[in-house]
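Residue numbers (our numbering): -15 to 353. Note that CB positions come from ideal geometry on N, CA and C, so glycine has one too. Structure record follows, encoded as structure tokens.
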């Protein structure tokens, strides 16, 4: 593997881990950023910086310290006892996310491709299983193929929608966004700073979104040591992944904002956005959603498998079978309800890890950065 291939692979895995159904559908972007109007754009900029920093710091530390597992990475900060507790909670959360992705894929298969719900779930479970048995290289190869296609389609649709609607700037400050008209009211830098400080909910929302998407990507990245060519590749791979994620988030946000009145309240707003370009693009974007669910499912599912392996020392392939089989019936019973409770916990655990990385706490506080 050359340095360029390593950078491409690292970035693809990072992007594929984060760009799940919520991201690609536009639902997460709308909820965390869209409702804040122009301030949401600032939020995306901050998240882009955070994603880039995370990718650079984590992948660089993985290479320099030869970290080959999330267990090795985490025990350096929290110790073995506390890591066991975190691993149990984290494994359950990753399993929950995997089940939700299966459930979501069943819904997409049924609604857009007229395939029975249960069959859609089974299809996704089988495909993810065949990726799991190839380990981290299977994850990497799948993302290398899928992520470029996802990026291209999202950019193509988003940019075309923005261009055809000539960027309706009025949507940046209309009542639904509850924001001021930055283009007509702002007369000084001082005014901007006052508004940003006074209305800081957008900033907290951006931070929560970043943390919400962090743990799954960190677990997978900790398995990427064999794919890192050198220190430069580690840093550039993390940086590229973060920048592309930010670019995609911005394009999705802007395309939702110019069509705000058409997408407000919808579960999958980006499908409606794509439909403005024609039925072909609507169908194509539905396929993009499936692929986005797939990349997140293999990331979360593999993270869950690694977590169980760390706890039980059972063979990963056997665990893969168990996880995939158990997930199918759970995906049928509306498992999404659990997400509203467990996903915030997901974010807080991520905050704990990020604070530990920044402050270099734990047993080997000089070690990993």
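- Residue 305 counts as exposed, since fewer than 16 other C-beta atoms from the protein chains shown sit within 10 angstroms of its C-beta.
- Residue 40 is a Cβ neighbour of residue 222, given a cutoff of 7 Å.
- Following the DSSP letters along the chain, one finds residue 23 inside the alpha helix (DSSP H) bounded by residues 22 to 48.
- Listed in chain order, the alpha helix (DSSP H) elements of length 4 or more contained wholly in the segment 256 to 299 are 263 to 296.
- Contact between residue 287 and residue 307 does not hold, since their C-beta atoms are separated by about 11 Å, which reaches or exceeds 8 Å.
- The DSSP-derived three-state label of residue 53 is coil.
- Residue 65 counts as exposed, since fewer than 16 other C-beta atoms from the protein chains shown sit within 10 angstroms of its C-beta.
- Exposed is the label assigned to residue 339, since fewer than 16 other Cβ atoms lie within 10 Å of its Cβ.
- A residue is called buried once 16 or more other Cβ atoms fall within 10 Å of its Cβ, and residue -12, having fewer, is exposed.
- Residue burial is scored here from C-beta neighbours: residue 201 has at least 16 other C-beta atoms within 10 angstroms and is therefore classed as buried.
- In the three-state reduction of the DSSP assignment, residue -14 falls in the coil class, being assigned neither a helical nor a strand state.
- Cβ contact annotation for residue 100 (same chain, cutoff 7 Å, sequence separation greater than five): 94, in chain order.
- In the three-state reduction of the DSSP assignment, residue 305 falls in the helix class, which pools H, G and I.
- With distances taken between CA atoms, residue -10 lies nearest to 212 out of 231, 212, 317, 126.
- Annotated three-state conformation of residue 11 is helix, per DSSP.
- Taking a contact as a CB-CB distance under 8 Å, the pair residue 193 and residue 31 counts as one, their CB atoms being some 6 Å apart.
- By the criterion of a C-beta distance shorter than 6 Å, residue 10 is surrounded in its chain by 236, 240, 253, 254, once the five residues flanking it on both sides are discounted.
- Secondary structure note for residue 132: its alpha helix (DSSP H) is the uninterrupted segment 119 to 148.
- Around the Cβ of residue 98, a 10 Å sphere holds fewer than 16 other Cβ atoms; the residue is exposed.
- Between the C-alpha atoms of residue 123 and residue 112 there is a straight-line separation of about 9 Å.
- About 24 Å separates the beta carbon of residue 260 from that of residue 4, a gap too long to meet the 8 Å contact definition.
- Between residue 105 and residue 283, the C-beta gap is not smaller than 7 Å, which leaves the two residues out of contact.
- Rounded to whole angstroms, the gap between the alpha carbons of residue 77 and residue 138 is 28 Å.
- Runs of the alpha helix (DSSP H) lying entirely within the segment 76 to 124 and spanning at least 4 residues, in chain order: 101 to 116.
- In the displayed model, residue 316 falls within coil according to three-state DSSP, outside both helix and strand.
- Burial state of residue -15 is exposed, judged by a 10 Å Cβ sphere holding fewer than 16 other Cβ atoms.
- Cβ-Cβ separation between residue 276 and residue 134: approximately 6 Å, consistent with a contact (criterion under 8 Å).
- Taking a contact as a CB-CB distance under 8 Å, the pair residue 272 and residue 8 counts as one, their CB atoms being some 6 Å apart.
- The beta carbon of residue 257 lies closer than 6 Å to those of 145, 239, 243 in the same chain, with the five residues before and after it left out.
- The criterion of a C-beta distance shorter than 7 Å is not satisfied by residue 47 and residue 216.
- Here residue 17 carries a coil assignment [DSSP, helix/strand/coil].
- If you draw a straight line from the Cα of residue 36 to the Cα of residue 71, it is about 25 Å long.
- According to the DSSP assignment, residue 192 belongs to the alpha helix (DSSP H) that extends over 185 to 196.
- Around the beta carbon of residue 219, a 10 Å sphere encloses 16 or more other beta carbons of the protein chains shown; the residue is thus reported as buried.
- Counting along the chain, the unbroken alpha helix (DSSP H) around residue 235 starts and ends at 215 to 242.
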